[in-house]
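The structure appears below as structure tokens.
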Amino acid sequence: MKNFKFILGVGVFAAASFFFLSADHIDAPAVQGGTSDITDFYAFQGEDTNNLVFVANVQGLLSPTASASASFDENVMIEFNIDNTGDNVEDLVIQAIPRDGKMYFFGPVAPGTTGLSSTILTNATQTVVDITAYGETAMTESSNGITAFAGPRDDPFFFDFNQYSAIIGGTATAFNNPGTDTFAGSNVMSIVIEVPKAMIGGSGTINTWVESKSK
Amino acid sequence: MKNFKNIFTVLLVTLVAFNCSDDDDATGIVTPTGPDFAGTYTQQDQMGRPAVNTVFVSSGSKDMFNTTVPTAQSGAFQAMFETNLTALSPAFANAGDANALGQDAATFTGLLATDVLNVSLDGTTTFYDGTNVLTGRNLADDVITVELLLIFGGEDFTENPTLSNDNVDVNDKAFLTTFPYLASPW
């Protein structure tokens, strides 16, 4: 980029960014603001380094007031997909779906069929945790080496989205220093599951992604 | 293990059935009333790496991107990604131009268009920590600055410094070192 000349492609990119909001918050018209809108996805080594942690957040930008009444949608299943053979097709899934104040996790388990449509794999290893209410201490559940949580948490994402928008919109030419975290003070509905690495491939590199699927 | 499970199930059923058999007044077999998980669930949203759909997919295609399986994403969207990347950071249109990973526009967008997160099961997991690249995503990883650097920062992360860092480097609450790792809500 030695000959870089800053000419922002405002036409193309302003259009491309109209719905843009950060990590995956409100990323597309069909899901924005709804209960199936994934805001973020994380996968990292656990405190016990034999484990891997998956985090899926949905329903972003919840104020503390909104968080008190927010809930997971019983018609929306969150599915963690794990490819451990390098072909970007899921070999294992972990499904999470709420019922009556509890989050039910199924898996890791090989899906009957891969792709865009799923049924709940109720014969798989099941982990059930009470959904933590706003203001309560986090309730977690461990069984079969798997630990699970579901409930409102601080949105872990941080970004000066407003200044980015101003740059893209042509009303600013640079980020501020220091910047301002647009997501400060906001919450998400969070699903966290920690599993032994041995259950998802053991070693090497996996490719992973998260999906929301609704009935 | 399947055989053991089956044997256990048979024993359990026998035990339960025996217990029930004492109760001749029972009106019939009671069906367990667990939650109903029946039905087909259809994909709505999808995410691998942070900010990919939001930055690189044009507005009319965002829902389609979310409902395209990863194996089909690169074929369907790489060209769009490259167009949008080059519009955002025109230097990428120059022959031989690359980001700090040594990727030209086609290679960089080819990687991003297949929207999966690569995660190592063998050690450090991070989006980028100065040494390890794309081995996972930690809560504390400053993924936006990493992506801005790869878009605007040129071959050595020194170009366009006012565009390649949003100067928000940490979360507004400290993360936990123990499960569930995320901070309590505001």
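Residue numbers (full-length UniProt numbering), protein chains in the order written: chain P, 1 to 215; chain Z, 1 to 186.
Ideal Cβ positions, reconstructed from N, Cα and C, are used throughout, including at glycine.
Because the structure is a prediction, the values reported are computed rather than measured.
The alpha helix (DSSP H) enclosing residue i, as first and last residue numbers
| i | result |
| --- | --- |
| Z:ASN118 | Here Z:ASN118 belongs to no alpha helix (DSSP H); instead the beta strand (DSSP E) covers 117-120. |
| Z:GLY75 | 70-88 |
| Z:MET64 | 62-66 |
| P:ILE168 | 161-169 |
Cβ neighbours of residue i in the same chain (closer than 6 angstroms, five flanking residues each side left out)
| i | result |
| --- | --- |
| P:TYR164 | none |
| P:TYR42 | VAL55 |
| P:VAL53 | PHE44, GLY46, GLU194 |
| Z:VAL57 | PHE65 |
Close beta carbons around residue i, own chain, < 8 angstroms, minus the five adjacent residues each side
| i | result |
| --- | --- |
| Z:ASP104 | PHE92, GLY96, ASP97, ALA98 |
| Z:ASP24 | With a pLDDT of 48 at Z:ASP24, under the threshold of 50, the modelled position of that residue is not reliable, and no figure is offered here. |
| Z:ALA100 | LEU149, LEU150, GLY153, GLY154, GLU155, ASP156, PHE157 |
| Z:LEU182 | LEU139, PHE175, LEU176 |
| Z:ASP115 | GLN46, MET47, GLY48, ARG49, VAL52, ASN53, PHE65, PRO70, GLN73 |
Member of the options whose CA lies at the smallest distance from the CA of residue i
| i | options | result |
| --- | --- | --- |
| Z:THR42 | P:LEU92, P:THR140, P:ALA30, P:THR208 | P:ALA30 |
| Z:PRO50 | P:SER118, P:ASN57, P:ASP48, P:ALA96 | P:ASN57 |
| residue 196 of chain Z | P:GLY202, P:SER190, P:THR173, P:SER212 | Outside the modelled stretch of chain Z, which goes from 1 to 186, sits residue 196 of chain Z, for which no answer is possible. |
| P:ALA66 | P:ARG153, P:ALA23, P:GLY204 | P:ARG153 |
| Z:PRO161 | P:PHE175, P:PHE157, P:PHE159, P:ALA150 | P:PHE175 |
| P:ALA150 | P:THR119, P:THR122, P:VAL188 | P:VAL188 |
Cβ neighbour criterion (16 or more within 10 Å) applied to residue i
| i | result |
| --- | --- |
| P:ASP155 | buried |
| Z:VAL146 | buried |
| P:VAL192 | buried |
| P:PHE13 | No answer about P:PHE13 holds up, because its pLDDT of 41 lies below 50 and its placement is not dependable. |
| Z:ASN53 | buried |
| P:ASN177 | exposed |
| P:ALA107 | Rather than Ala, the amino acid found at residue 107 of chain P in this sequence is Gly. Burial call: buried. |
| Z:SER120 | buried |
| P:ALA70 | buried |
| P:ALA138 | buried |
Under 7 angstroms by beta carbon: chain P residues contacting residue i
| i | result |
| --- | --- |
| Z:THR114 | ASN88 |
| Z:THR67 | LEU116 |
Limits of the unbroken beta strand (DSSP E) element including residue i
| i | result |
| --- | --- |
| P:PRO178 | It is not in any beta strand (DSSP E) - P:PRO178 carries neither H nor E in the DSSP assignment. |
| P:TYR104 | 102-109 |
| P:GLY60 | 51-62 |
Under 8 angstroms by beta carbon: chain P residues contacting residue i
| i | result |
| --- | --- |
| Z:GLN78 | Near Z:GLN78 there are no residues of chain P at all, since even the closest Cβ is about 14 angstroms away, more than 8 angstroms. |
| Z:VAL168 | PHE158, PHE159, ASP160, PRO178, GLY179, THR180, ASP181 |
Contacting residues, own chain, Cβ-Cβ under 7 angstroms from residue i (five flanking each side not counted)
| i | result |
| --- | --- |
| P:LEU61 | HIS25, SER186 |
| Z:VAL168 | none |
| Z:LEU148 | LEU163, SER164, ASN165, ASP166 |
Partners in chain Z for residue i, counting only beta-carbon separations shorter than 7 angstroms
| i | result |
| --- | --- |
| P:PHE80 | Chain Z residues near P:PHE80: none, gap ~11 angstroms exceeds 7 angstroms. |
Cross-chain neighbours of residue i in chain P, by beta carbon under 9 angstroms
| i | result |
| --- | --- |
| Z:GLY39 | ASN75, THR119, ILE120, LYS215 |
Neighbouring residues, chain Z, relative to residue i (Cβ below 8 angstroms)
| i | result |
| --- | --- |
| P:GLY169 | Correct list: empty, because the minimum Cβ distance to chain Z is about 13 angstroms. |
| P:SER203 | LEU121, ASP122 |
Within chain Z, the residues that residue i reaches when beta carbons sit closer than 9 angstroms
| i | result |
| --- | --- |
| P:ASN207 | GLY48, PRO70, THR114, VAL116, LEU117, ASN118, VAL119 |
| P:LEU52 | VAL119, LEU121, THR125, GLY136 |
Test: residue i CB closer than 8 angstroms to a CB of chain A
| i | result |
| --- | --- |
| Z:LEU182 | Included in the structure are the protein chains P and Z, with no chain A among them. |
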